[in-house]
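Protein chains: 2
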Amino acid sequence: MAHPQLPREEVIDRLTAVFRREGYEGASLALLSEATGLGRSSLYHHFPRGKEDMAEAVMLAAREKLTNLVLERLAGPGSPRERLSAAVRGWDEFYHGGEASCLTELFSVGAARESFQSLLLSGITRLRGAIAELLAEAGLSKELAEKRSLDALVTIQGGLVVGRASNDPKIFQTVLAELPDRLLSA
Amino acid sequence: MAHPQLPREEVIDRLTAVFRREGYEGASLALLSEATGLGRSSLYHHFPRGKEDMAEAVMLAAREKLTNLVLERLAGPGSPRERLSAAVRGWDEFYHGGEASCLTELFSVGAARESFQSLLLSGITRLRGAIAELLAEAGLSKELAEKRSLDALVTIQGGLVVGRASNDPKIFQTVLAELPDRLLSA
DNA sequence: GTCTATAAGCAGATAGAC
DNA sequence: GTCTATCTGCTTATAGAC
């Protein structure tokens with residue numbers, strides 16, 4: 004088993020699962036190694052600065068996934084409502100129906116906070132912009148669109164936290180399902 | 004410096020600050036010791052099972068604070084709107100104006116999750132009940148009151164997460180300020 | 001690109017003096 | 001009730017063989 008290897012994308016997916024389950028501090032090299040099937044040294048080969056590099060790769064991959072699953076759908080073809088519904092399905096997939104914790108929460112605490120703050124902020128800004136644009140296109144005033152774009156993110160993150168703390172992913176799914184009507188209502 | 008000591012309440016406040024800043028895994032005995040001014044052994048004297056006992060004490064103290072700052076105000080004297088406004092001020096104080104992270108998030112990840120899940124769930128249930136009762140009293144149908152009580156918690160937690168990730172506590176405060184109108188509207 | 005072996009330090013935890 | 005000293009195991013990280 005010298006050369007062949009899991010594709011990098013699959014490695015990062017497995018790293019992501021560990022960070023989501025254990026948090027940044029809790030994700031030890033032992034767990035990360037076990038989850039990927041790579042020895043510690045192999046991990047350092049791919050991620051020279053160790054855990055910090057892995058976390059960064061996880062964040063960037065998450066950003067890309069969110070781009071594909073949500074942002075592109077918000078900006079895609081179709082009516083605002085159709086695009087919003089498609090984006091909602093994307094969020095549901097991204098968070099595994101509410102079972103996956105949000106990297107936003109996990110990486111805004113402790114040692115990880117400083118490292119990833121700017122990445123978190125830019126991700127939020129980008130999402131807010133895309134939602135606000137869609138809502139403006141749907142006929143809402145610019146001011147209201149801005150306001151509701153924040154409301155959307157707050158609701159999604161909150162639904163995730165409350166759903167996970169209650170051990171009831173349905174909470175997240177219900178919150179998501181009601182989002183389009185709420186955002187688009189006059 | 005043999006006998007005299009910080010009162011237990013003050014010790015727990017300082018432990019709380021560390022857990023909130025670092026998360027459960029990140030809160031090392033070294034940090035907890037430094038924050039309280041107590042040596043490791045002293046911490047073990049007060050909290051025999053170590054970190055887990057400290058975290059439990061922190062959770063129970065938070066529960067009590069939330070009882071005083073929010074629950075009692077929701078059930079207190081005055082009109083529903085007045086009580087809701089008082090509770091909102093309590094939430095703001097509890098979360099230090101949005102700067103303090105929520106223990107709910109931190110303790111629903113990794114090793115802490117299993118230990119504290121039931122405590123988290125009961126806290127959420129208790130709060131939801133109190134909010135729903137107030138809203139029913141204000142004239143909302145039982146069904147709508149239930150629904151909005153969940154919406155309240157989702158919004159508060161979400162505002163906290165998004166505000167912290169954006170490094171902008173005003174987000175949390177704005178979300179809080181708009182809560183009474185939103186919950187009480189017909 | 002992966003492995004084994006190992007280093008150096010910090011984690012949580014305990015014993016026993018004062 | 002606090003302290004110093006210590007222990008074991010796990011942490012991140014590196015060196016070097018294959």
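Protein chains in written order, with the working numbering: chain A, 4 to 189; chain B, 4 to 189.
A virtual CB, placed ideally from N, CA and C, is assigned to each residue, including glycine.
Chain A residues whose Cβ lies nearer than 9 Å to that of residue i
i: Ala174 of chain B; result: A small fix is needed here, since residue 174 of chain B is Ile in this sequence, not Ala. Simply Leu153, Val157.
Proximal chain B residues relative to residue i, where beta-carbon distance stays under 7 Å
i: Val178 of chain A; result: Val157
i: Gly26 of chain A; result: Gly26, Glu28, Val112, Gly113
i: Glu108 of chain A; result: Glu108, Val164
i: Ile127 of chain A; result: Val165, Ala168, Ser169
i: Gln120 of chain A; result: Asn170
Straight-line gap, residue i to residue j (C-alpha atoms, nearest Å)
i: Phe97 of chain A; j: Val61 of chain A; result: 13 Å
i: His49 of chain B; j: Gly166 of chain B; result: 35 Å
i: Cys105 of chain B; j: Phe22 of chain B; result: 10 Å
i: Ser87 of chain A; j: Glu140 of chain B; result: Going by the sequence as given, residue 87 of chain A is Leu instead of Ser. Roughly 35 Å separates the two Cα atoms.
i: Ile174 of chain B; j: Leu163 of chain B; result: 8 Å
i: Gly40 of chain B; j: Thr19 of chain B; result: 14 Å
i: Leu9 of chain B; j: Gly26 of chain A; result: 32 Å
i: Val91 of chain B; j: Glu181 of chain B; result: 10 Å
i: Gly161 of chain A; j: Ser36 of chain A; result: 32 Å
i: Thr158 of chain A; j: Thr107 of chain A; result: 14 Å
i: Leu63 of chain B; j: Leu138 of chain A; result: 43 Å
i: Pro83 of chain B; j: Leu69 of chain B; result: 18 Å
i: Ala103 of chain A; j: Phe110 of chain B; result: 15 Å
i: Leu123 of chain B; j: Leu72 of chain B; result: 17 Å
i: Gly81 of chain A; j: Glu75 of chain A; result: 12 Å
i: Ser152 of chain B; j: Ala133 of chain B; result: 8 Å
i: Asp95 of chain B; j: Leu156 of chain B; result: 13 Å
i: Ala148 of chain B; j: Asp184 of chain B; result: 14 Å
i: Pro7 of chain B; j: Leu143 of chain B; result: Low per-residue confidence applies at Pro7 of chain B: pLDDT is 49, beneath 50, and the placement is therefore not dependable, though the value from the model is reported in the following sentence. Roughly 54 Å between the two C-alpha positions.
i: Glu85 of chain B; j: Lys150 of chain A; result: 25 Å
i: Asp56 of chain B; j: Arg131 of chain B; result: 27 Å
i: Leu186 of chain B; j: Ala135 of chain B; result: 10 Å
i: Ser44 of chain A; j: Val178 of chain A; result: 43 Å
i: Ser125 of chain A; j: Tyr47 of chain B; result: 43 Å
i: Ala38 of chain A; j: Arg17 of chain A; result: 6 Å
i: Arg24 of chain B; j: Arg24 of chain A; result: 19 Å
i: Gln176 of chain A; j: Ala65 of chain A; result: 20 Å
Residue i classed as buried or exposed, judged by whether at least 16 other C-beta atoms fall within 10 angstroms
i: Val14 of chain B; result: buried
i: Asp154 of chain B; result: buried
i: Arg116 of chain A; result: buried
i: Pro51 of chain A; result: exposed
i: Glu28 of chain B; result: buried
i: Lys54 of chain A; result: buried
i: Arg11 of chain A; result: exposed
i: Ser169 of chain A; result: buried
i: Gly2 of chain A; result: Chain A is shown from 4 up to 189; residue 2 of chain A falls before or after that span and cannot be answered.
i: Gly93 of chain B; result: buried
i: Gly42 of chain B; result: exposed
i: Ala5 of chain A; result: Reliability fails at Ala5 of chain A, whose pLDDT of 39 lies under 50, so the model's placement of it is uncertain and no value is given.
i: Ala78 of chain A; result: exposed
i: Ala58 of chain A; result: buried
Alpha helix (DSSP H) segment containing residue i, residue limits
i: Tyr47 of chain A; result: 43 to 49
i: Val21 of chain A; result: 11 to 29
i: Asp56 of chain B; result: 54 to 69
i: Ser125 of chain B; result: 114 to 140
i: Glu102 of chain A; result: Where Glu102 of chain A is concerned, there is no enclosing alpha helix (DSSP H), given that its DSSP letter is neither H nor E.
i: Ser169 of chain A; result: Here Ser169 of chain A belongs to no alpha helix (DSSP H), and DSSP marks it neither H nor E.
Chain A contact residues for residue i, given Cβ-Cβ distances below 7 Å
i: Arg167 of chain B; result: Ser111
i: Gln160 of chain B; result: Gly161, Val164, Val165
Backbone secondary structure at residue i - three-state DSSP
i: Ser184 of chain A; result: Contrary to the premise, residue 184 of chain A reads as Asp rather than Ser in this sequence. Three-state result, Asp184 of chain A: helix.
i: Asp154 of chain B; result: helix
i: Ser82 of chain A; result: coil
i: Phe97 of chain A; result: helix
i: Phe110 of chain A; result: coil
i: Ala189 of chain A; result: coil
i: Ser36 of chain A; result: helix
i: Ser88 of chain B; result: helix
i: Gln176 of chain A; result: helix
i: Leu143 of chain A; result: coil
i: Gln8 of chain B; result: coil
Contact list for residue i against chain A, beta-carbon separation under 8 Å
i: Ser104 of chain B; result: Ser111, Val112
i: Leu124 of chain B; result: Ala168, Ser169, Asn170
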